[in-house]
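Asker: Residues in the sequence shown are numbered from 36 upward in steps of one, following the working numbering. Structure provided below as structure tokens; questions to follow.
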Amino acid sequence: MLKKLASFILFSLAGYFVYQNRYRVMNGILGNAMLRRFAVGSLMGIPGIRQKLFQTVFSGPSEFR
Numbered sequence: 036m037l038k039k040l041a042s043f044i045l046f047s048l049a050g051y052f053v054y055q056n057r058y059r060v061m062n063g064i065l066g067n068a069m070l071r072r073f074a075v076g077s078l079m080g081i082p083g084i085r086q087k088l089f090q091t092v093f094s095g096p097s098e099f100r
């Protein structure tokens, strides 16, 4: 029980730290070419994100009214 509580607290603190420094973490990941390739490849493997991205990028010119 105590070990599970300690793990929960540790993961909660790690999540809080990553959330507070999320832009630094993203810059660190995307600044490395190999990690950037892995991150983009992983996101493109998710059908909803891939469809939304391609729909946005390859749609025709938008009309402004």
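All C-beta atoms in this analysis are idealised placements derived from N, C-alpha and C, irrespective of residue type, glycine included. This one's a predicted model, so the numbers in the text were calculated from it and none came from an experiment.
For my contact list, Arg57 and Leu65 are in at a C-beta cut-off of 8 Å; report their separation, rounded to the angstrom.
Answerer: The residue labelled residue 57 in the question sits at position 22 within the sequence shown. The residue labelled residue 65 in the question sits at position 30 within the sequence shown. Wrong, their Cβ atoms sit about 12 Å apart, outside the cutoff.
Asker: Looking at the structure shown, is Phe93 part of a helix, part of a strand, or coil, going by DSSP?
Answerer: Indexing the sequence shown from 1 puts residue 93 at position 58. In the structure shown, Phe93 sits in coil (DSSP, three-state: anything other than H, G, I, E or B).
Asker: To the nearest angstrom, report how far apart Gln55 and Phe43 are at their CA atoms.
Answerer: What you label residue 55 is simply residue 20 of the sequence shown in a count that begins at 1. What you label residue 43 is simply residue 8 of the sequence shown in a count that begins at 1. If I take the Cα positions, the gap works out to 18 Å.
Asker: Using the Cα positions of Arg85 and Ala74, report the straight-line distance between them to the nearest angstrom.
Answerer: Within the sequence shown, numbered from 1, the residue matching residue 85 stands at position 50. Within the sequence shown, numbered from 1, the residue matching residue 74 stands at position 39. Distance between the alpha carbons of Arg85 and Ala74 is about 13 Å.
Asker: Could you give the distance in angstroms between the alpha-carbon of Phe46 and the alpha-carbon of Val53?
Answerer: For the purposes of this step, residue 46 is identified with residue 11 of the sequence shown, where counting begins at 1. For the purposes of this step, residue 53 is identified with residue 18 of the sequence shown, where counting begins at 1. Cα to Cα, Phe46 sits roughly 10 Å from Val53.
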